[in-house]
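Right, one structure below, let's go through it.
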Amino acid sequence: MATNASSRYDAVIVGGGHNGLVAAAYLARGGHRVLVLERLARTGGAAVSAAAFPGVDARLSRYSYLVSLLPAKVVRELGLRLELRRRRISSYTPAVRDGKPTGLLVDAGDPGRTGESFRALTGSDREWQAWREFYGTTGRVAEQVFPTLTEPLPSRTELRRRIGDDAAWTALFERPLGETVERTFADDLVRGVVLTDALIGTFTHAHDPELRQNRCFLYHVIGNGTGDWDVPVGGMGAVTDALAGAALAAGAEIRTGHEVTAIAGDGRGDAEVSYRHADGEGTVAARRVLVNAAPATLARLLGTAPEPAPEGAQLKVNMVLRRLPRLRDPGADPRDAFAGTFHIAEGYRQLETAYAEAAAGRMPSAPPSEIYCHTLTDPSILGPEAVRQGLQTLTLFGLHMPARLFGDPAAKERALAASLAQLDAVLAEPIADCLAVDADGRPCVEARTPPELERELGLPGGHIFHRDLAFPFTTEEPGPGGGEGSGTAAARWGVATARPDVLLCGAGAVRGGGVSGVPGHNAARAALEDLARGR
301 MATNASSRYD
311 AVIVGGGHNG
321 LVAAAYLARG
331 GHRVLVLERL
341 ARTGGAAVSA
351 AAFPGVDARL
361 SRYSYLVSLL
371 PAKVVRELGL
381 RLELRRRRIS
391 SYTPAVRDGK
401 PTGLLVDAGD
411 PGRTGESFRA
421 LTGSDREWQA
431 WREFYGTTGR
441 VAEQVFPTLT
451 EPLPSRTELR
461 RRIGDDAAWT
471 ALFERPLGET
481 VERTFADDLV
491 RGVVLTDALI
501 GTFTHAHDPE
511 LRQNRCFLYH
521 VIGNGTGDWD
531 VPVGGMGAVT
541 DALAGAALAA
551 GAEIRTGHEV
561 TAIAGDGRGD
571 AEVSYRHADG
581 EGTVAARRVL
591 VNAAPATLAR
601 LLGTAPEPAP
611 EGAQLKVNMV
621 LRRLPRLRDP
631 GADPRDAFAG
641 TFHIAEGYRQ
651 LETAYAEAAA
661 GRMPSAPPSE
671 IYCHTLTDPS
681 ILGPEAVRQG
691 LQTLTLFGLH
701 MPARLFGDPA
711 AKERALAASL
721 AQLDAVLAEP
731 IADCLAVDAD
741 GRPCVEARTP
751 PELERELGLP
761 GGHIFHRDLA
771 FPFTTEEPGP
781 GGGEGSGTAA
791 ARWGVATARP
801 DVLLCGAGAV
811 RGGGVSGVPG
821 HNAARAALED
831 LARGR
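Counting in our numbering, the sequence shown runs from 301 upward without gaps.
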């Protein structure tokens, strides 16, 4: 392949989402010539902010919305100007007991208040004590596991030794999570609150023998060694804007509106990356190609047989409100209830019923979801007039909404209506009465289904993690798709593919999923090792 010097790069990164930008920043800071090719007209992928409603000055985190897994190490090493603000309220879950509306409030800043809420709901201290012991265990696991995410991939044996708790290892890594939840907690509502972290973005159930629920749960409770989910000040776009700025400042080149169409080569010389853009087509050569796209997309670019198609399973709803709604629970302050994660129809049996209905191809009769209000923690995403008007934002993330349910054009509206109906069931007034209206007089509510995420973001099946999450240790395979062998830098960092010159730097890598930058960091580390050797 003949190329001129101006079209030859040390690394070409396919996709300008947050992981691609992390990789670009690290590689460029390492002194390498780096090019990022992004299909869309802007960088950021799913981690962007948008003014979704005409005439309403609110920049919503349109797709992804909270941050837990982005390592402080990456923020520090890349010099990111970024603030992640802790939510004082962890969660609120409305309930009905003895015919009266009530709820469970978990106040991260006030254990006494949380304990009293448990006692009022359940009638004793049993569940509160079980809660503290359970999350004490997950916290100790998090302290040991999270630092390994930005280190060479440990073996299963090494990670188990590092955790040093055989009972915790068995519960989280070897047996279906439902067994532990049912053994530890007696109250159905408390069980459901715990289980939700095992289901977000993953279509599965409590007793899945393949442990998809365990893998999802693990990534939701280990973030930065605490499991806290923080609000990005300025919205999710502030995160990726900071990353793009770091990559550009380090010397990386970013081309938006450039869609990669193929990756050619035999792995022994430079790879050839073909792309198209508004003015035509082109190719560039690269010593290493880092792909910030799903493994299914990578297979298409390489012209190889794809793995089974992933399927996303969520409904994302964005709203702007004139005011927060009142709750049926007379003891609940909406400013507390919506500041954390507000659980809807997420009792343990409700979650299992919704899964069974969706797995059978039916829309859940009581769709489970969770809501939070960004502006209670960070009003900076609102313009001055929106602040003066007292506007608030709500983000609803619906569970057990697999892509298979949305073949019917009317399915989206049914899913939205059913989800909002479950919200209305715990409110003292309809949510429709609280919605702001845009410049055209339309209510400020929008929804995104898995098929729309595939069309808009290129996520196969609308799967927000690109494919099922993997445990953060080596398996018997050398890496995703095989690779050169367990001794390669790519395999040691968990980013290997079937091509030695092509690395996976997106959410589908071994330690992927969520807004973390971890796969980008790890792919860059592997590429830096290879480039330093002149390979």
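For each residue, glycine too, the CB sits at the ideal point set by N, CA and C.
C-beta atoms of residue i and residue j nearer than 8 Å
| i | j | result |
| --- | --- | --- |
| G537 | G344 | yes |
| A790 | L803 | yes |
| L831 | R568 | no |
| A346 | I764 | yes |
| V617 | L716 | yes |
| H766 | G794 | no |
| I644 | Q722 | yes |
| V493 | V312 | no |
| G814 | L369 | yes |
| P452 | R742 | no |
| G640 | S361 | no |
| Y575 | L340 | no |
| R419 | D410 | no |
| A325 | L378 | yes |
| T604 | A798 | yes |
Chain-order list of residues whose beta-carbon lies under 7 Å from that of residue i (same chain, five-residue window excluded)
| i | result |
| --- | --- |
| L548 | I554 |
| F353 | V620, D738, C744 |
| R381 | A542 |
| D740 | P354 |
| F473 | N514, F771 |
| E383 | V533 |
| G761 | A609, P610, E611, G612, A703, P750, E754 |
| I731 | P625, L720, L723, D724 |
| L682 | D357, A358, T675, L691 |
| A248 | The structure shown does not extend to residue 248, since the chain spans only 301 to 835, so no value can be given for it. |
| P679 | V687 |
Proximal residues to residue i (C-beta, below 6 Å), its chain only, five neighbours per side dropped
| i | result |
| --- | --- |
| D441 | A small fix is needed here, since residue 441 is Val in this sequence, not Asp. Around V441: I463, A468. |
| A686 | D357, A358 |
| G820 | N319, V322, A323, C805 |
| T422 | D487 |
| R308 | A585 |
Neighbourhood of residue i by C-beta, 8 Å cutoff - its chain only, sequence neighbours within 5 removed
| i | result |
| --- | --- |
| A544 | G316, L321, T343, G344, I554 |
| L627 | P394, P401, G403, P634, A637, V726, L727, A728 |
| R623 | G690, Q692, C734 |
| T540 | G317, H318, L321, T343, G344, G345, A347, V348 |
| P445 | Looking at the sequence itself, residue 445 is Val, so the reference to Pro does not match. Counting only Cβ-Cβ distances below 8 Å, and skipping sequence neighbours, we find L459, R462, I463, L518, I522, P772. |
| S600 | The residue you asked about is not Ser; residue 600 is Arg in the sequence shown. So the qualifying residues of the chain are P606. |
| E829 | A789 |
| S455 | F773, T774 |
For residue i: DSSP bridge partner residues
| i | result |
| --- | --- |
| G348 | The question names Gly, but residue 348 in the sequence shown is Val. None; V348 has no bridge partner. |
| R576 | E559, E581 |
| H643 | E670 |
| R385 | V531 |
| E553 | L335 |
| I500 | Beta-bridge pairing links I500 to no other residue. |
| I313 | V336, L590 |
| M619 | L694, V745 |
| G403 | P394 |
| T437 | DSSP, once it has assigned bridges, lists no residue as partnering T437. |
| R791 | Note that residue 791 corresponds to Ala in the displayed sequence, not to Arg. A791 is not bridged to any residue. |
Where residue i falls, given that 16 or more other Cβ within 10 Å makes a residue buried
| i | result |
| --- | --- |
| V818 | buried |
| P780 | The predicted position of P780 is uncertain, since its pLDDT is 42 and thus under 50; a value taken from the coordinates is nonetheless stated next. It is buried - the Cβ of P780 has at least 16 other Cβ atoms within 10 Å. |
| T457 | exposed |
| Q838 | Residue 838 lies beyond the residue range present for the chain, which begins at 301 and ends at 835; the question has no answer from this structure. |
| D487 | buried |
| G787 | exposed |
| S391 | buried |
| H372 | Sequence inspection shows Ala at residue 372; the His mentioned does not correspond to that position. By the neighbour-count rule (16 or more Cβ atoms within 10 Å), A372 is not buried but exposed. |
| D407 | buried |
| Q429 | exposed |
| D530 | buried |
| P668 | buried |
| S364 | buried |
| R808 | Strictly speaking, residue 808 in this sequence is Gly, with Arg absent from that position. Classification for G808: buried. |
| T480 | buried |
| A736 | buried |
| G661 | exposed |
| D570 | buried |
| A562 | exposed |
Distance cut-off 7 Å: residue i Cβ against heavy atoms of the ligand PLP
| i | result |
| --- | --- |
| M663 | The ligand PLP is not among the ligands present in this structure, which contains no ligands whatsoever. |
The region 689-706 contacting the region 589-601, beta-carbon criterion three pairs below 8 Å: Taking 8 Å as the limit for Cβ pairs, the verdict is that the region 589-601 does not touch the region 689-706.
Cβ pair count under 8 Å reaching 3, the region 750-762 against the region 697-714: Touching, yes.
Cβ contact check for the region 647-656 and the region 504-511: 3 or more pairs under 8 Å: Contact holds: three or more Cβ-Cβ distances are below 8 Å.
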